[in-house]
Every structure is written in structure tokens, then in C-alpha cells.
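First the structure, in the form of C-alpha cells, and then the observations on it.
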DNA sequence: TCAGCTATTCAGTATTGCTATATACCAGTA
DNA sequence: TACTGGTATATAGCAATACTGAATAGCTGA
């Protein structure tokens with residue numbers, strides 16, 4: 001996928017994961033697989049787990065341990081009220097950035 | 110401006126600065142002032158200089174020292190062929206990311 | 001028993017933006 | 001002269017975040 005994406009993901013991957021969780025609860029392995037499916041071809045395994053630990057520690061998600069038929073128990077994360085608020089702010093920040101970049105892109109033509 | 114923007118800028122600020130330079134040559138102080146004017150209210154002074162040093166070292170820009178009437182000489186940067194190529198790639202990466210996020214935003218409603 | 005998929009965790013590294021500070025040139029002014 | 005303030009660049013150390021690589025663990029089927 002390349003270094004450019006890696007650096008761009010800093011700050012946005014968190015929003016991406018929270019946005020996924022806003023749709024439905026999910027666990028790390030599942031999220032990673034989904035991201036890869038969506039074209040984030042080489043999201044590192046450990047990256048999503050580390051991110052989930054961070055957002056949990058900051059109180060943006062709730063966690064529930066659920067047994068799996070196929071392996072060790074899953075840690076299922078769901079977005080809570082504080083997380084939804086944070087996600088709202090993320091979208092506002094994202095909009096700000098996209099607007100500025102769109103202007104630059106237009107201007108550069 | 111907040112921490113969210115700071116993290117999101119990692120990886121995009123470089124593209125932003127290169128996009129500015131694709132329009133016209135510019136120097137650090139000028140770029141910082143312009144960014145602040147555009148709403149990146151607390152871009153740190155040193156940040157742009159450090160970034161310019163990096164892109165210069167990677168051969169994406171050409172530099173010319175130009176005397177100033179108002180202070181020490183300016184280092185005027187301009188995007189070269191390699192930089193234009195890199196900027197193209199940046200836009201492709203950016204498009205990829207915005208598409209994915211737009212989908213997520215739609216889906217989350 | 002072993003390979004392979006599912007599932008999580010963690011130590012160490014690289015990149016990048018911020019903080020804080022230093023340096024330097026020039027004009028106006030007390 | 002000395003000082004303030006705007007212009008202009010540079011850099012050392014810090015913080016946040018994604019990646020690398022490896023370890024651990026449960027389950028299924030050959």
C-alpha cells in the first residue's frame with residue numbers, strides 16, 4: 001500500500017475504526033479483515049489491536065468478551081455515548097481538512 | 110485547533126505544502142502564514158521548516174536563496190519534476206482515503 | 001501430532017508534528 | 001546607543017501513532 005497511506009492513516013485510522021463500530025459492534029480480527037477487504041491491503045495485524053486498547057482506555061468504547069466457536073474468545077467492542085460524541089468531532093475535523101485540500105486541488109489545476 | 114487535527118496532519122501536511130508549491134514557489138515563513146490564514150490556526154512555526162528540509166533532502170523541491178528587504182534571506186522552494194510526480198501519487202492516495210471515509214460516513218447514517 | 005485458521009498481545013522502531021529556544025537582519029523609537 | 005518588534009530560519013527533545021516481528025492460545029481436520 002505504501003508509505004504515504006501509512007502516514008495518512010495516522011489520525012484517521014482511529015476515526016475509521018470508530019465509524020465502523022458506530023454501525024455495529026465488532027472485534028479486532030474482524031475489523032482488520034474488513035479493512036483489508038476494503039483496500040487497506042497491508043494494515044498490520046497489531047495496529048488495530050493497539051488502537052482498540054487506546055480507545056478503550058479513553059472510554060470511547062465498551063467491551064464484552066464473547067466465546068468463539070473457532071478459536072480464543074473475542075473481545076467485542078461497541079461505541080458508547082462518549083465515543084459517538086468523539087466520532088462527531090472526528091467528522092467535523094475531517095470535513096475541515098477535506099475542504100482545505102479540495103480547494104488546493106482545484107487551485108493547482 | 111486540537112489534537113485530532115494534529116494527528117490527521119501527519120501524512121497530509123506534506124501533501125498540502127507540496128500542493129502549495131505546485132502553484133508557485135514559496136518560502137517557509139510565507140507558507141506558515143498562509144496555512145494559518147486558511148484556518149490551520151496553530152501550525153507551529155518550526156513544523157513547516159522541518160518539513161521543507163525533509164522534502165528537499167528527498168529531492169522533491171529545488172531551493173534558491175533570495176535576499177529579503179525585511180529580514181534575513183529567504184529560502185524559496187519550488188516543486189521539481191520528481192516532486193510533481195510525488196504530488197500526483199499523494200492525490201491518488203488521498204482520493205482512495207476520502208472515498209473509503211465517504212462510504213463509511215454514508216453507511217453510518 | 002502437526003498444520004493452519006482464528007484471535008489477541010506486546011516490545012521495539014520509524015515517522016512526523018509540536019514545544020521551546022536560539023540565531024539573525026532590519027526599521028523605528030526613546 | 002539600546003531596545004522592541006516584525007521578518008526569517010534552524011534544531012534538539014518530546015509525544016503520538018502505525019509497523020515489524022514474535023509469542024501465546026483455542027479449535028479443526030489430515
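Residue numbers (this note's numbering), protein chains in the order written: chain Z, 1 to 109; chain R, 110 to 218.
We put the beta carbon where it would ideally sit given N, CA and C, even for glycine.
Here the structure is a predicted model, which is why all the values come from computation and not from measurement.
Per DSSP, reduced to three states, the secondary structure at residue 119/R is coil, with no helix or strand assignment. In this chain, the beta strand (DSSP E) harbouring residue 79/Z covers 74 to 79.
A straight line joining the alpha-carbon of residue 2/Z with that of residue 8/Z spans about 10 Å. Note on residue 208/R: under 16 other CB atoms within 10 angstroms of its CB, so exposed under the neighbour-count rule.
In this structure, residue 48/Z keeps its C-beta atom at 9 Å or more from the C-beta atom of residue 60/Z.
Contact between residue 43/Z and residue 210/R is ruled out by a C-beta separation of about 15 Å, above the 8 Å threshold.
When the Cα atoms are used, residue 65/Z and residue 119/R turn out to be separated by approximately 34 Å. For residue 139/R, the nearest beta carbon of chain Z is not closer than 9 Å to its own beta carbon. Within the stretch 113 to 141 of chain R, the residues whose Cβ lies closer than 9 Å to any Cβ of chain Z are, in chain order, 113, 114, 115, 116, 117, 118, 119, 120, 121, 123, 124, 125, 128, 129, 131 and 132.
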